[in-house]
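Under full-length UniProt numbering, the first residue of the sequence shown carries the number 1, and numbering increases by one thereafter. Taking it in order: structure first as structure tokens, then the write-up.
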Amino acid sequence: MVTEPGRSRGAVNGTPAEQGLDREVCARWRLTPGPALGHRGTGTWAVTRGGEPFVVKHLHPQRFPDWRYTLRVAAALRAQGWPTPELAEEPVTVAGGAWVLFHRLPGRSPNPTDAGRPAEERARGRLLAELHASAAATGIVDQRRGFTGPAELVRDPVLDHWLRVHEAARPDEGRALRAYRDAALRWFTDNPVGNAPRSVVHGDFAPWNLLFDNGRLTGVVDFEGTHHTYQVADFALSWRGYHDDVLRGYDEVRPLSDGEWALVRPAFWAWLFIGMKDLLACHYGGVRRVDSLPTLEWQVRHLRRHSPLLAAKAGASPLAFER
């Protein structure tokens, strides 16, 4: 469920993400195949039917545990006026997961210049705060199967076991991962979180998952990482440890309490361990054949990110020496 959380979980050997769009699915839904969408084996294709644009997505059970939950969250937000993907047909369930057909949403993802990036981030942070208000109003409070809260995630002894195994194979990388996992665990052990707001979260509120047409929001896509957790955990793949204008924009719409500012860092660290035990078990435990030694450089690099804003709001990282 990870290499880059929420995005590269599709590289599962033998899945449609590698094999291509299923011909029987195209015939069943009378689709004309188009190009693959995305760039990380996401199992998503553009298609047309009668000249109308659609999107076909394969939901692999390893990459999309409890995939109906993702559809439910998207539908609940759409009922409140958010432009989320809408089913065009009932999903087709097969042994390797499910095929889903969505109406294709119009618009393009923003691609700001370096000079325009702070404004894009700030606007996205404000939009995320608005989305969280709607997410709380959905009333969805049950947890998605296969997900936990951040404290439970870093407390998992199975994760600890596989991190130690990985450290033996990749000492520098493994040592860094264990240091951050241990720091997150200490924080959650020593700091009762209390009443920090929770709701379902989007999971990857990044520019490429938002669509706009002449400045109007026309699409919020990719609910792959959605689950119920602290709302500040949704900064993990929107702020990514250093895009501070996302936090500034969010705080303008929904001011964060001191407790939430303190929670941002450990929740972010915990998010970067989502799915890691499964990835490591696949290699070291022989659950399935994986040819190359897993590398978690992306996680290590982001765990070490420095945020001047967060340091000012919540104090310096206890692992600042790792940067």
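Backbone N, C-alpha and C fix where the C-beta goes; we use that ideal spot for every residue, glycine too.
Rounded to whole angstroms, what is the Cα-Cα separation between residue i and residue j?
i    : j    : result
L37  : P192 : 42 Å
G203 : E297 : 21 Å
G149 : A316 : 24 Å
H227 : F188 : 19 Å
E152 : R144 : 14 Å
E24  : L31  : 10 Å
G125 : L293 : 36 Å
D251 : P106 : 29 Å
N111 : V47  : 24 Å
S8   : L310 : Note that S8 has pLDDT 37, beneath the 50 cutoff, so the model's placement of it is unreliable and the number below is only indicative. The alpha-carbon atoms of S8 and L310 are separated by roughly 27 Å.
G313 : L263 : First, the residue type needs correcting, since residue 313 is Lys and not Gly in the sequence shown. Using only the alpha carbons, I get a separation of about 11 Å.
G139 : A183 : 33 Å
Y180 : R49  : 49 Å
T3   : F273 : The predicted position of T3 is uncertain, since its pLDDT is 40 and thus under 50; a value taken from the coordinates is nonetheless stated next. Their Cα atoms are separated by approximately 9 Å.
E121 : G249 : 7 Å
P308 : G43  : 37 Å
V201 : W82  : 14 Å
A75  : L185 : 34 Å
A319 : R108 : Note on identity: in this sequence residue 319 is Leu, with Ala being the wrong assignment. So the two alpha carbons sit approximately 39 Å from each other.
L159 : N214 : 45 Å
C26  : P33  : 7 Å
G219 : T113 : 21 Å
R78  : D66  : 20 Å
E260 : V232 : 7 Å
C282 : P171 : 19 Å
K277 : E224 : 18 Å
R265 : E52  : 44 Å
A136 : P255 : 16 Å
V253 : A129 : 6 Å
E322 : R304 : Residue placement at E322 is flagged as unreliable, the pLDDT there being 48, under the threshold of 50; the coordinate-derived value follows with that caveat. Their backbone Cα atoms lie some 7 Å apart in a straight line.
R301 : H60  : 28 Å
G116 : S257 : 28 Å
L127 : Q299 : 26 Å
G10  : R63  : With a pLDDT of 33 at G10, under the threshold of 50, the modelled position of this residue cannot be trusted; read the value that follows with caution. C-alpha separation (whole angstroms): 6 Å.
A123 : V246 : 7 Å
R68  : T93  : 11 Å
L163 : R28  : 44 Å
Could you check what DSSP says for residue i in three-state terms: helix, strand or coil?
i           : result
V193        : coil
P33         : strand
A11         : With a pLDDT of only 37 at A11, under 50, the local geometry of the prediction cannot be trusted, and the value read off the model is given with reservation. In this structure, A11 counts as coil in the three-state DSSP scheme.
R144        : coil
L293        : coil
P53         : strand
S307        : coil
L59         : strand
residue 324 : Absent from the model: residue 324. The displayed extent of the chain is 1 to 323, so no value can be given.
V2          : Confidence is the limiting factor: at V2 the pLDDT is only 45, short of 50, which leaves the residue's position unreliable, though a coordinate-based value still follows. DSSP places V2 in coil when its eight states are reduced to three.
D204        : coil
W271        : helix
L21         : coil
W82         : coil
P318        : coil
F188        : helix
G125        : helix
Would you mind reading off the limits of the alpha helix (DSSP H) that contains residue i?
i    : result
H283 : 276 to 284
T70  : 67 to 78
Terminal residues of the continuous beta strand (DSSP E) containing residue i?
i    : result
R198 : 198 to 201
The ligand COA and residue i: does the residue's C-beta get closer than 7 Å to at least one heavy atom of that ligand?
i    : result
A262 : Summarising the ligand content, the structure contains no ligands, and the ligand COA is consequently not present.
Please confirm if residue i has its CB atom under 8 Å from at least one CB of chain B.
i   : result
E86 : Here there is only one protein chain, and chain B is not present.
Length at least 4, wholly inside the stretch 210 to 264: the alpha helix (DSSP H) runs in chain order = 244 to 253
At least 3 beta-carbon pairs within less than 8 Å: the stretch 48 to 56 vs the stretch 101 to 109 = yes
Where are the beta strand (DSSP E) runs, 3 residues long or more, that stay fully inside the stretch 85 to 122, in chain order?
-> 92 to 94, 97 to 103
At 4 residues or longer, and completely inside the stretch 147 to 180: list those alpha helix (DSSP H) runs for me, N to C.
-> 150 to 155, 157 to 169
Give a yes or no on contact between the stretch 201 to 217 and the stretch 233 to 240, applying the rule of three or more CB pairs nearer than 8 Å.
-> yes
Touch check for the stretch 163 to 178 and the stretch 77 to 97: three-plus C-beta pairs under 8 Å?
-> no
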